[in-house]
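Quick notes on the structure that follows.
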Amino acid sequence: MDHSIREWLLEDETPEVKLRMLKEYEKLPENDERVIECKRRLLQSKVYERGLKKLRTDKPWAKYDAILAFAEWGLTREDIGSDIDNDVFALIKNTGFKMLCGEPLLLRNLVKLGYYQEEIVKNEIDSMLRLIKEDGGFGCISTSKKTNDPRKPHKSCARLTVEYLLLVAELHLAGCRMECESALMHYFTKRNIFYRTDDMKTPMVDVMLGTFYPPDPIKIGAHQIVYALRALGCEPESEAMQAGYKVLNQHRLENGRYVLTASKSVPAFKAGNVGEENKWVTLYAYMAR
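What follows is the structure in structure tokens.
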């Protein structure tokens, strides 16, 4: 990363990006003065205020989005304060983690916030990871026999498996090595990350080739997928990672910054304009190296 890009990502006007940059790219500890000051700015910002407002509603998906936002910004439950615990455990009690296709992403965000040592979270993660299929992926959760008849063999769901990849990568970064790591990594590397095994030019899911952000349970972009595989130890020189970088570089501008290709109409948090250079995509792309 050259100096100009580094300074762009460390601008005070986006403390949420700056905090991730300081903690995860520059590897500064929580007690570093720059981290402490950045957290102070973030916790006093309008973007944090909006996230807190979502957390405190009675709407489960608003709470889900707030938890996702705080995790993406690099905050922890200690940073936010004890109030977040009430909302997190209320969401778990009301949903049993079963947020449609969003459970593994919710679990990833809870790990990132520091909830893995909570017995209810740890037990749920252990239970869900045991559902890994023989192909190294995770199956569709639909109860419709038309799409997911339990009497018939089914391939894993690529969209859901990407969420589990992010979860296992976050556990790995936290020092927790899961038994399914190798099988899950192989699920992607044997496909050069994105592609069908019967046609290595056709993506499993089109959105995987773009830079969709913030992540959504069924829409996660290339920058986060490649980052997760790198976090799990995939070598940059490998065929799969080279394929990943090739896709990422399709969204790279001459100045070294990366473009946001898509987002939800109402995202978990405002991360930038579609079609423009984007700090989040750029940060992930460089962390994926």
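Numbering-wise, the sequence shown is residues 1447 to 1735 according to the numbering used here.
Glycine is no exception: its CB is placed at the ideal position from the N, C-alpha and C atoms.
Who pairs with residue i in a beta bridge, going by DSSP?
{"i": "Lys1505", "result": "Paired residues: none, contrary to the question."}
{"i": "Lys1665", "result": "Asp1662"}
{"i": "Tyr1641", "result": "Pro1649"}
{"i": "Arg1676", "result": "Answer is none; Arg1676 lacks a bridge partner."}
{"i": "Arg1698", "result": "Tyr1704"}
Considering just the uninterrupted stretch of the alpha helix (DSSP H) at residue i, what are its terminal residues?
{"i": "Met1444", "result": "Summary: the structure shown does not reach residue 1444, with the chain confined to residues 1447 through 1735, and so no result is reported for it."}
{"i": "Ala1708", "result": "Looking at the DSSP string, Ala1708 is not in any alpha helix (DSSP H), and its letter there is neither H nor E."}
{"i": "Lys1473", "result": "Note, Lys1473: premise wrong, no alpha helix (DSSP H); not H, not E."}
{"i": "Leu1552", "result": "1549-1559"}
{"i": "Val1720", "result": "Run containing Val1720: none; DSSP gives neither H nor E here."}
{"i": "Thr1541", "result": "1529-1541"}
{"i": "Gln1688", "result": "1685-1695"}
{"i": "Phe1634", "result": "1627-1635"}
{"i": "Ala1731", "result": "1725-1733"}
{"i": "Trp1519", "result": "Here Trp1519 belongs to no alpha helix (DSSP H), and DSSP marks it neither H nor E."}
{"i": "Glu1462", "result": "1461-1466"}
{"i": "Thr1607", "result": "1604-1619"}
{"i": "Arg1576", "result": "That residue, Arg1576, is in no alpha helix (DSSP H); it is neither H nor E in DSSP."}
{"i": "Arg1523", "result": "1523-1526"}
{"i": "Leu1455", "result": "1449-1455"}
So residue i and residue j are supposed to be a Cβ contact under 8 Å. How far apart are they, rounded?
{"i": "Pro1395", "j": "Cys1586", "result": "Nothing can be reported for residue 1395, as the shown portion of the chain is limited to 1447 through 1735."}
{"i": "Glu1609", "j": "Leu1514", "result": "The Cβ separation is near 12 Å, so there is no contact."}
{"i": "Ala1517", "j": "Lys1558", "result": "4 Å"}
{"i": "Gly1690", "j": "Leu1675", "result": "7 Å"}
{"i": "Asp1529", "j": "Arg1487", "result": "About 20 Å separates the two Cβ atoms, so there is no contact after all."}
{"i": "Phe1584", "j": "Leu1606", "result": "5 Å"}
{"i": "Tyr1659", "j": "Pro1649", "result": "Going by Cβ atoms, the distance from Tyr1659 to Pro1649 rounds to 17 Å, so no, they are not a contact pair."}
{"i": "Tyr1704", "j": "Val1720", "result": "In fact, because the Cβ distance is near 13 Å, the residues do not count as touching under 8 Å."}
Do residue j and residue i count as a contact pair if the criterion is CB distance below 8 Å?
{"i": "Ala1620", "j": "Tyr1673", "result": "no"}
{"i": "Glu1470", "j": "Gly1520", "result": "yes"}
{"i": "Leu1706", "j": "Thr1657", "result": "yes"}
{"i": "Cys1603", "j": "Val1614", "result": "no"}
{"i": "Asp1533", "j": "Leu1489", "result": "no"}
{"i": "Lys1716", "j": "Trp1454", "result": "no"}
{"i": "Ile1639", "j": "Ala1708", "result": "no"}
{"i": "Gln1734", "j": "Val1693", "result": "One point to set straight first is that residue 1734 is Ala, not Gln, in the sequence displayed. Not in contact: Ala1734 and Val1693 (Cβ atoms no closer than 8 Å)."}
{"i": "Ile1538", "j": "Ile1566", "result": "yes"}
{"i": "Val1463", "j": "Leu1729", "result": "yes"}
{"i": "Phe1535", "j": "Glu1570", "result": "no"}
{"i": "Gly1582", "j": "Leu1630", "result": "yes"}
{"i": "Met1654", "j": "Ile1671", "result": "yes"}
{"i": "Met1447", "j": "Pro1506", "result": "no"}
{"i": "Ala1624", "j": "Leu1699", "result": "For clarity, residue 1624 is Met in the given sequence; the question names Ala instead. The answer is no: Cβ separation not under 8 Å."}
{"i": "Leu1468", "j": "Cys1484", "result": "yes"}
{"i": "Gly1702", "j": "Ile1451", "result": "yes"}
{"i": "Thr1522", "j": "Gly1560", "result": "yes"}
Under 8 Å, Cβ to Cβ, is there at least one residue of chain B near residue i?
{"i": "Leu1474", "result": "Although the question refers to chain B, the structure presented lacks it and comprises just one protein chain."}
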